[in-house]
Amino acid sequence: MNDLKEDCETIRRLLFPLLDASLEPQEEAWVSSHVEECPGCSKEMKILQKIITIVREDDEALCPEPEELFLLANFGDDPGGAITAHVKTCFKCQRFAERCKILPRNEIMPGQLLEQLTLEGRKEEPKSSLGAMLRQIYDFLTLKPIMIGAVAGAALVVIALWPAAYPKPRVALSSVTWEKPSITLMTPFAKPQAVPAPTTKERLAVVVVLENFKEPMPQEEVNSLYQALRPTAAVRKNFNILPPRELKKFIETKKIATEEVEQILTKLREDSGVAKALIVRIVAEGKQYAIRSKFVDTETGSIAKEAVANGLTAADLEKKLPETAYSVMPK
Amino acid sequence: MADSVMFCKEPRQHCQMGSSLFEAYSSGDLEDLQKVAALVRCCLCGSEDAWNVMYRLFSGYTRAIAMQKGFFQQADADDLVQETFLRLHVRLLRFDPRRGALLNFIKLVTRNVCADEWRRRRSTLRKDASYYQTKLTARSGADGPLDQTLEERFSGLVVQALDALKQRCREILRLRFCQNLSYTEIAEVLDNEPTPISDRYLKRLRQQAHRCVEDLREEFARLEELGIENE
Chain A
0 MNDLKEDCET IRRLLFPLLD ASLEPQEEAW VSSHVEECPG CSKEMKILQK
50 IITIVREDDE ALCPEPEELF LLANFGDDPG GAITAHVKTC FKCQRFAERC
100 KILPRNEIMP GQLLEQLTLE GRKEEPKSSL GAMLRQIYDF LTLKPIMIGA
150 VAGAALVVIA LWPAAYPKPR VALSSVTWEK PSITLMTPFA KPQAVPAPTT
200 KERLAVVVVL ENFKEPMPQE EVNSLYQALR PTAAVRKNFN ILPPRELKKF
250 IETKKIATEE VEQILTKLRE DSGVAKALIV RIVAEGKQYA IRSKFVDTET
300 GSIAKEAVAN GLTAADLEKK LPETAYSVMP K
Chain B
0 MADSVMFCKE PRQHCQMGSS LFEAYSSGDL EDLQKVAALV RCCLCGSEDA
50 WNVMYRLFSG YTRAIAMQKG FFQQADADDL VQETFLRLHV RLLRFDPRRG
100 ALLNFIKLVT RNVCADEWRR RRSTLRKDAS YYQTKLTARS GADGPLDQTL
150 EERFSGLVVQ ALDALKQRCR EILRLRFCQN LSYTEIAEVL DNEPTPISDR
200 YLKRLRQQAH RCVEDLREEF ARLEELGIEN E
């Protein structure tokens, strides 16, 4: 019994190294088999996985407070230099620091807002919150039927008009890396998206979107498409590429639906510093396919260039794909 | 500062100190209680100069907070900034510089404005409602709903436990979990280690990461116990 307890204590210290793929194969086997058999350690493993998932999702919890960033950005306040060091590697905090700068002296508040704040004088809060509560209830009751009616009406229109056979366009996900496998240090935490390095190269994501496919494309075929889209040396020279595997991990970690193409691009820009996207739409048209490629600026949404190839058979698709897709890239 | 300057005896009287207020704050004196009190009092009196100073100092800050989580775009953020200042107009009555910094106060007001707007529009924004609510509850200190779910409570405790970690631990965990960097890349980014990184260094870094997770887990357990004791 004591041995078991000692084992459990040792095992619990090794749970994170197991998740982190830091154990030797023998240790890994021992810890894994113990976790399978021991309800206590198994529960502990689940708690640890849950904690790590929350940390991954709430990356801002590890960032400095807004007021610390404000003081750094405007007054250089950073005793110890920890915040400066953080901001160097955190794209989100860099953006925050840029946005929170104090305005110059000649800037004034918009006139209408200033008028409301100054001419009305002090506003007292209602002495009782009952009035505010009644107001909220009234707003809710009058708003809700209208909202329900609008939603129901919209749903009927969508149902009537939506081509039921075809699901929405969705981003195809693949674990293709576009690189020869090097020594991998980790497995459960898959290969990283690199920190946007302080270089002049912009970050580019290559995103395949499947449209009008009645049934999901087999994963092997999706992988072949992404393999065919391996960036040329010229593209690599000009851009820092986000491989398909990282795109997949990003979408899965952020739990974005693959149909939400716009949201994916927005999050890629905001969280990963992806400045440009090569969107390659593959549209099923009966027994033939079309490729519609566009090179997009994720910040402004503007499309620099588009290319189309129609009437392709399945055999032509892989061959034509890189040619059509990369024809929209800047030279 | 002279009393007549610090306190507007007449409502809607312009403070004569607009530019000097801005100078005071531009040099970074946001922690000076007297100056903060003076600014707030002038705002409450309806001083245009004081409100313009507030706007110059904090409109960027409130906009950055509104856009922080990616729920709101630029145009929405502009509206939220205006709404925040309107709400500050009322809330400043409650502000006491002896009990907290003005920056923190403005942050809380901004987040409450954003939360209210998000609730109003939640059908068109991110579906995972509890995710945003949890972050507000855990990070801003705003009152959470009384019927907080277990999941929200769990997340809140994790966020609190993270706050207790040392800065280096937070950075290692952020680079490892949030940016998915390998230990080699963490070594390059965090410590500017020249390549090739030695195995010994990598081993030490891994051990540090493991200790950080242990500390996180222990702090989580402590907070959980504390929560149970207090119930």
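Protein chains in written order, with numbering that gives the first Met the number 0: chain A, 0 to 330; chain B, 0 to 230. Beta carbons are placed, not taken as given, at the ideal position from N, Cα and C, and that holds for glycine. None of the values given here were measured: they were computed from a predicted structure.
query                                                                                                                         : result
Opening and closing residue of the alpha helix (DSSP H) in which Asn309 (chain A) lies                                        : Counting along the chain, Asn309 (chain A) falls outside any alpha helix (DSSP H), though it belongs to the beta strand (DSSP E) covering 302–311.
Inter-residue CB distance, Ala163 (chain B) and Glu223 (chain B) (contact presumed, cutoff 8 Å)                               : Going by Cβ atoms, the distance from Ala163 (chain B) to Glu223 (chain B) rounds to 13 Å, so no, they are not a contact pair.
Helix, strand or coil at Ala163 (chain B) according to DSSP, with G and I counted as helix                                    : coil
Top-ranked residue by Cα proximity to Met53 (chain B), from B:Lys68, B:Ala37, B:Ala65, B:Met66                                : B:Ala37
CA-to-CA distance, Cys211 (chain B) to Leu204 (chain B), given in whole angstroms                                             : 10 Å
C-alpha gap between Leu91 (chain B) and Thr61 (chain B), whole angstroms                                                      : 15 Å
Reduced DSSP secondary structure (H/G/I, E/B, other) of Glu27 (chain A)                                                       : helix
Residue range of the beta strand (DSSP E) that includes Ala283 (chain A)                                                      : 273–284
Interface positions of the region 186–205 of chain B facing chain A (Cβ-Cβ less than 7 Å), listed along the chain             : Val188, Arg205
Segment limits, alpha helix (DSSP H) that includes Phe104 (chain B)                                                           : 101–120
Three-state secondary structure assigned by DSSP to Ser239 (chain A)                                                          : One detail in the question is off: residue 239 (chain A) reads as Asn in this sequence, not Ser. Here Asn239 (chain A) sits in strand by DSSP.
Nonlocal neighbours in the same chain, by C-beta distance under 8 Å from Arg152 (chain B), ignoring five residues either side : Gly226
Candidates A:Lys248, A:Arg229, A:Thr257: closest to Gln215 (chain A) by CA position                                           : With the sequence shown as reference, residue 215 (chain A) is identified as Pro, and Gln is not the correct amino acid for it. Comparing Cα positions, the closest option is A:Thr257.
Closest residue to Thr83 (chain B) among A:Leu209, A:Thr252, A:Leu113 (Cα-Cα distance)                                        : A:Leu113
Contact with chain A by Ala114 (chain B), beta-carbon distance below 8 Å                                                      : no
Alpha helix (DSSP H) runs wholly inside the region 40–83 of chain B, at least 4 long, in chain order                          : 47–65
Alpha carbon of Pro195 (chain B) to alpha carbon of Glu67 (chain A), nearest angstrom                                         : 34 Å
Residues, ordered as in the chain, of the region 63–76 of chain B that lie near chain A by beta-carbon distance below 8 Å     : Ala63, Ile64, Met66, Gln67, Lys68, Gly69
Closest Cα partner of Lys253 (chain A) within the set A:Asp270, A:Ser223, A:Lys318                                            : A:Asp270
Proximal residues, the region 269–302 of chain A versus chain B, C-beta separation under 8 Å                                  : Glu269, Asp270
Exposed unless 16 or more other CB atoms sit within 10 angstroms - verdict on Glu219 (chain A)                                : exposed
From B:Cys42, B:Gln81, B:His88, B:Arg97, residue whose alpha carbon lies closest to that of Asp31 (chain B)                   : B:Arg97
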